[in-house]
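A short write-up of the structure that comes next.
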Amino acid sequence: MTWRSILSHLGVRRRFADRAAAGEELAARVAAEPNVVAPLVLALPRGGVPIAAAIAHTLQAPLDLLLVRKLGVPDQAELAMGAIAEGGVHVLNDEVVTHLGVSAAQIAQVTAKEQQELIRRAQVYRGTRAAPLLEGKSVILVDDGLATGTTMRAAIRAARSRNPARLIVAVPVAAHDIAAELGAEVEQLIALEVVDDLGAIGLWYADFTQTSDAEVCALLGGGKDIETRK
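Using our numbering, the letters of the sequence shown correspond one by one to residues 457 to 686.
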């Protein structure tokens with residue numbers, strides 16, 4: 457089966473050239489929304505950063521990160537059994553954990569490993585800068601797609617705990633059921649494509665090359681400075 461027939465089977469109507477191109481298109485959609493006023497744009501690194509950067513540039517808005525890490529199933533790292541986010545947020549997919557018989561000890565081991573990566577990324581991407589102040593702000597959370605929604609759910613909970621006035625999720629593509637679930641947890645969810653059979657997010661991009669630490673830092677450096685931090 458060719459990739460074109462696979463995409464057709466999954467309902468993929470088109471592919472974005474890359475994350476930057478998806479970001480430009482999503483930015484235009486977000487800018488057209490009347491309820492998006494003076495937002496703070498927060499990317500989920502690393503894949504969400506090029507997309508968020510395009511949105512921040514279009515809106516002339518501040519750009520920063522909300523650090524989150526997927527908890528992969530042991531020996532199946534790409535399958536999410538949960539996620540963690542800065543601020544001590546910990547989300548588990550009980551259905552996956554139960555179905556695969558993942559033990560508490562395995563969850564703790566994976567969580568400890570990903571917590572170290574969360575700390576490393578905070579040091580690399582932010583250095584001595586504090587996390588942005590969200591209280592009373594309109595916040596847009598951005599990623600390159602919503603498949604299981606696990607990491608975005610953790611990001612939503614982390615952001616919500618910091619009392620934003622309005623929380624928006626913006627992605628190029630999302631699974632229909634996940635968009636419905638997460639849409640109920642935020643004030644607005646914006647997606648260019650919402651489909652029943654999403655498949656892998658990478659199928660929606662002609663170039664889905666992993667975003668590097670260097671690219672993240674460069675894009676953050678190009679964003680509008682955030683003046684108020686906690």
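Heads up, the beta-carbon is just placed ideally off N, CA and C, and yes, glycines get one too.
Only buried fits Asn549, as 16 or more other CB atoms lie within 10 angstroms of its CB. Around Ile540, the same chain offers Val524, Arg525, Leu527, His546, Val547, Thr567, Glu570, Gln571, Leu574 and Ala610 as residues with beta carbons nearer than 8 Å, after the five sequence neighbours per side are excluded. Here Asp599 carries a coil assignment [DSSP, helix/strand/coil]. In the pairwise beta carbon analysis, the region 631-643 is classified as not touching the region 493-503: fewer than three pairs are separated by under 8 Å. Straight through space, the alpha carbons of His555 and Leu482 are spaced by roughly 36 Å.
Considered as a whole, the region 498-531 harbours 505-515 as its complete alpha helix (DSSP H) runs of no fewer than 4 residues, in chain order. Distance from the CA of Gly658 to the CA of Pro620, rounded to the nearest whole angstrom, comes to 31 Å. Arg502 counts as buried, since at least 16 other C-beta atoms from the protein chains shown sit within 10 angstroms of its C-beta. Ranking Phe472, Ala536, Val642 and Gly557 by CA distance to the CA of Pro506 puts Phe472 first. Annotated as proximal: Val595 and Ala615, with beta-carbon spacing under 8 Å. Cα atoms of Gly557 and Asp531: separation of roughly 13 Å, rounded to the nearest angstrom. Check the Cα spacing between Ala560 and each of Arg577, Ala533, Val529 and Glu534: the tightest is with Val529. Between Gly504 and Val598, the beta carbon gap of about 5 Å places them in contact (Cβ cut-off 8 Å). Taking a 10 Å sphere around the C-beta of Thr667, we find 16 or more other C-beta atoms and assign the residue as buried.
When DSSP states are grouped into helix, strand and coil, Gln562 belongs to the helix group. About 4 Å separates the Cβ atoms of Val629 and Glu649, confirming a contact at the 8 Å cut-off. Under a 10 Å Cβ-count criterion, Ala626 is classified as buried, with 16 or more other Cβ atoms of the shown protein chains found around its own Cβ.
Listed in chain order, the beta strand (DSSP E) runs fully inside the region 574-656 are 594-598, 622-631 and 644-651, counting runs of at least 3 residues. Going by beta carbons, Ile646 and Ile624 fall inside the 8 Å limit. It is roughly 32 Å from the alpha-carbon of Ser617 to the alpha-carbon of Ala477. Residue pairing of Val545 in beta bridges, as defined by DSSP: Ala541. Here DSSP, grouped into helix, strand and coil, assigns Glu489 to coil. As the crow flies, the alpha-carbon of Gln562 is around 40 Å from that of Val486.
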